[in-house]
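Residue numbers (the working numbering): 158 to 513.
Note that the Cβ used here is the ideal one computed from N, Cα and C, for glycine as well.
Quick caveat, the model's predicted, so the values are computed rather than measured.
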């Protein structure tokens, strides 16, 4: 079978410079400017490779919008302020959020909307969904102006590149990707001095970290330095207790091999929420949670909103609404796997109760 365009580039780079680290492999597969996975417009949704919470139920986005309104008020209702979404997908979450926020016209009047997205096809989809709100697009969060900010990051951090390290023959080694016989495979190399590796001594143990994720938290701190700030992170992951090899590929709503058709499958890795909270603390930011997404949505009133929608729903619509809420909140589905972390510089965001 012929190589994908991204796969051909990866083989060429390995031939020129040697084995590449896992982070570089992820970055090429996902964001190659010509053929990266996220350059496609149809990756998300029922017809794509995976489906996200906003695509499952409109209630998800509505509750996030009402959460943002409440946080803005708790901040003192700064005007103007900026609402920023990281990785907005097709714009469904933000469209649902801002529809719910119409109940607070002062919020919408004070808001400038920024979307962090560097894929032109995705920007076009977002424009269709959000043109009424006059959004501005950014290639990265570092381009955002310094101003009072509320940030929404739903399934954003899991797609940021990670590094992997493996404990082998009594030492930590960096995991890299090499090519031989036309196939990609893992190899190891020495670890550079100065890297912080946990004191795990189990043969074959794998540790992951992500400088890219840390850089986003650093940008949170930049925005929060002299202004009210709050961010909500919704993703699947752990609190540092699990670890291991979490790199995975998804294609057509099923798992694939991480070397299968590079550039044509979604690559992601579990988010270490404890690492995000540690980085936030290092930046003098406060973290709340993480709590299970199901609990978060129940506390925000997903059941009450479901009952409201029932009033004018057909039997078929009611069945779909119930199925969507169950999928988002059930511990057997997304309710426990996905977690929610809030990061602020002062305000205690609903529905969190205990500061980390």
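- One thing to note: residue 447 has its Cβ no nearer than 8 angstroms to the Cβ of residue 376.
- According to the DSSP assignment, residue 326 belongs to no alpha helix (DSSP H), since it is labelled neither H nor E.
- A distance of 8 angstroms or more separates the beta carbons of residue 260 and residue 287.
- Between the segment 211-231 and the segment 453-469 there are three or more C-beta pairs closer than 8 angstroms, enough to call the two in contact.
- With respect to the 8 angstroms criterion, residue 185 and residue 333 are not classified as neighbours on the basis of their beta carbons.
- For residue 343, the three-state secondary structure derived from DSSP is strand.
- The criterion of a C-beta distance shorter than 8 angstroms is satisfied by residue 367 and residue 320.
- Rounded to whole angstroms, the Cβ separation of residue 244 and residue 226 is 22 angstroms, and the two are not in contact under 8 angstroms.
- The residue among 183, 499, 481 and 509 with its C-alpha nearest the C-alpha of residue 212 is 481.
- With 16 or more neighbouring CB atoms inside 10 Å of its own CB, residue 504 falls in the buried class.
- If the five residues before and after residue 425 are omitted, its C-beta is found closer than 7 angstroms to the C-beta atoms of 315, 316 and 405, all from its own chain and listed in chain order.
- If you check the CB distance, residue 445 and residue 495 do not come in under 8 angstroms.
- For residue 368, the enclosing alpha helix (DSSP H) has its first and last residue at 368-381.
- If you ignore the 5 residues before and after residue 266, its C-beta comes within less than 7 angstroms of no other C-beta in its own chain.
- Per DSSP, the unbroken beta strand (DSSP E) holding residue 413 starts and ends at 411-413.
- Look at the beta carbons and you see the segment 299-307 touching the segment 232-239: at least three pairs across the two are nearer than 8 angstroms.
- As the crow flies, the alpha-carbon of residue 269 is around 46 angstroms from that of residue 342.
- Residue 264: member of the alpha helix (DSSP H) spanning 262-267, first to last residue.
- Here DSSP, grouped into helix, strand and coil, assigns residue 291 to coil.
- Looking at the DSSP output, residue 501 bridges to 387 and 443.
- As for any beta strand (DSSP E) of minimum length 3 sitting wholly inside the segment 194-259, the runs are 238-243, ordered along the chain.
- When the beta-carbon positions are compared, residue 463 and residue 478 come within less than 8 angstroms of each other.
- Secondary-structure assignment with DSSP links residue 178 through a beta bridge to 333.
- Put simply, the backbone Cα of residue 171 is about 7 angstroms away from that of residue 336.
- In this structure, residue 450 and residue 389 do not form a Cβ contact; the two beta carbons are roughly 11 angstroms apart against a cut-off of 8 angstroms.
- Close CB contacts of residue 276 within its chain, under the 7 angstroms cut and outside five residues either way in sequence, are with 195 and 196 (chain order).
- Burial of residue 239 is indicated by the presence of at least 16 other C-beta atoms within 10 angstroms of its C-beta.
- Of the other Cβ atoms in all chains shown, 16 or more fall within 10 Å of the Cβ of residue 331; this residue is therefore buried.
- If you ignore the 5 residues before and after residue 299, its C-beta comes within less than 7 angstroms of the C-beta of 376, all in its own chain and listed in chain order.
- Note on geometry: alpha-carbon atoms of residue 264 and residue 249 lie some 19 angstroms from one another.
- Within the same chain, 451, 454, 455, 459 and 492 come within 7 angstroms of residue 486 by CB-CB distance, once the 5 residues on both sides are set aside.
- A Cβ-Cβ contact shorter than 8 angstroms links residue 189 with residue 420.
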